[in-house]
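Visitor:
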Amino acid sequence: MHDGFEALLADPDVDAVYIALPNSEHVPWTLRALEAGKHVLCEKPLALSVADVERVAAAAGGLTVMEAYMYRFHPQQRRVVELLASRVIGELRVVRAAFAGVMDPVGNIRYDPSLGGGATWDVGCYAFDVPLWAFGRAPERVRARFHSEGGAPVDTSGVATLDFGGGRVAQIDYGFDYGPCARYELQGTRGWIGVRNAWTGPDEECVITVVTDEGRSEEVLAGADAYEHQAAAFAEAVRTGRTPLMSLDDSKRTARVGEALVEAARTGADVSL
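Mapped onto this note's numbering, the consecutive letters of the sequence shown carry residue numbers -13 to 259.
Quick look at the structure:
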């Protein structure tokens, strides 16, 4: 046991740390950990701005920093990536993603704007991360509308359209004030892939649906702990020095989209990236 975070970072036997503090504390403690020579696995969002991700990247040197989008490491997610790459549904054109669940605001850090709260930087991150990896790039422009249930000091839900150009688009919704839902769909020119529980728990069965002109099929995968797979992947990146699956370039793109959604909701206008 250590008497505070500073003592933990000062321990020479500690090689890496996992930062699961409120959003506003991610960058300060990531920078302190890097200064202490520790590798960092940091909960999403790593940062609330591109500028802060760039600060982290500049401080990292030869150390590994990975943003913790745990679902990307789940066997279900890896299988979907394989299916998409196989072009079984043709060219990807539309992504639909939704992640929401009712949360009690009492004592909940997600409702505190000083701690980086709000639905967009919590469940929304997962929803808009889906089209980012699926299309493999940032959108050209975004449009967003936020809602604050009961006059909450943060956004409690949001809907957004991300335009990737060339007829490629993503439609997402997320929130704390409705639900539950946790699904996404990848619509291609020859069919679609659906994941009914995209952010699945360790004991939940995983079902992937594929529909094409040739028919409908379902793949059922056993439950797995995404956090366990994430930790193993992070440890491997630390040991080998290889760029992790969720790279700092990915984190810059994610922060850029999050900033754009906030700006689009604030102004009521499309925001170009």
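Think of the CB as a built atom: it goes at the ideal place given N, C-alpha and C, for glycine as much as any other residue.
Computed from a predicted structure; not experimentally measured.
Would you mind stating whether E77 and G174 have Cβ atoms separated by less than 8 Å?
Guide: The answer is yes: Cβ separation under 8 Å.
Visitor: Closer than 8 Å is the cut-off here; do at least three beta carbon pairs connect the segment 245 to 257 with the segment 83 to 91?
Guide: In short, these stretches do not touch, since the Cβ pair count stays below three.
Visitor: First and last residue of the alpha helix (DSSP H) that includes L(-6)?
Guide: Residues -9 to -4.
Visitor: Return helix, strand or coil for L34, following the three-state DSSP convention.
Guide: Note: L34 maps to coil in three-state DSSP.
Visitor: For S143, which residues of its own chain have a beta-carbon under 6 Å away from its beta-carbon, when the five flanking residues on both sides are left out?
Guide: A105, H133, G161, D163.
Visitor: Please report how far the alpha carbon of A223 lies from the alpha carbon of A138, in whole angstroms.
Guide: When rounded, the distance between both Cα atoms is 40 Å.
Visitor: Assign A6 to buried or exposed, taking buried as 16 or more other Cβ atoms, counted over all protein chains shown, within 10 Å of its Cβ.
Guide: Its Cβ having fewer than 16 others within 10 Å, A6 is exposed.
Visitor: Assign N9 to one of two classes, buried (16 or more other C-beta atoms within 10 Å of its C-beta) or exposed (fewer than that).
Guide: Label assigned to N9: buried.
Visitor: Are the beta-carbon atoms belonging to V243 and Q62 less than 8 Å from one another?
Guide: No, these two residues do not count as a Cβ contact at 8 Å.
Visitor: With a threshold of 8 Å, are at least 3 pairs of Cβ atoms found where one atom belongs to the segment 202 to 219 and the other to the segment 37 to 46?
Guide: Touching, no.
Visitor: Compute the Euclidean distance between the alpha carbons of D1 and A217, then round it to the nearest angstrom.
Guide: Near 14 Å, if we compare the C-alpha coordinates of A217 and D1.
Visitor: Rounded to a whole number of angstroms, what is the C-alpha to C-alpha distance between L148 and G93?
Guide: So the alpha carbons of these two residues sit roughly 33 Å apart.
Visitor: Would you decide whether P31 is buried or exposed? Buried here means 16 or more other CB atoms lie within 10 Å of its CB.
Guide: With 16 or more Cβ atoms within 10 Å of its Cβ, P31 is classed as buried.
Visitor: Under 8 Å between the Cβ atoms of V26 and L234?
Guide: Cβ atoms of V26 and L234: not closer than 8 Å.
Visitor: Please go through the segment 37 to 100 and give each complete alpha helix (DSSP H) segment of 4 or more residues, from N-terminal end onward.
Guide: You should have 61 to 71.
Visitor: I need the boundaries of the alpha helix (DSSP H) containing D213, first residue and last residue.
Guide: Here the sequence assigns Tyr to residue 213, which means Asp is not the residue at that position. That run of the alpha helix (DSSP H) goes 212 to 226.
Visitor: I believe A130 touches L247 by the beta-carbon criterion, under 8 Å. Please report the beta-carbon distance rounded to the nearest angstrom.
Guide: About 4 Å; that satisfies the 8 Å criterion.
Visitor: Note the first and the last residue of the continuous beta strand (DSSP E) segment covering E21.
Guide: Note, E21: premise wrong, no beta strand (DSSP E); alpha helix (DSSP H) at 12 to 21.
Visitor: Can L69 and I179 be called in contact, C-beta distance under 8 Å?
Guide: Yes, these two residues count as a Cβ contact at 8 Å.
Visitor: State the Cα-Cα distance for the pair V13 and L101, rounded to the nearest angstrom.
Guide: Their backbone Cα atoms lie some 12 Å apart in a straight line.
Visitor: How would you call A19, buried or exposed, if buried means at least 16 neighbouring beta carbons within 10 angstroms?
Guide: By the 10 Å Cβ count, A19 comes out buried.
Visitor: Measuring alpha carbon to alpha carbon, tell me which residue in G136, G177, P117, P166 is nearest F150.
Guide: The shortest Cα separation from F150 among G136, G177, P117, P166 belongs to P117.
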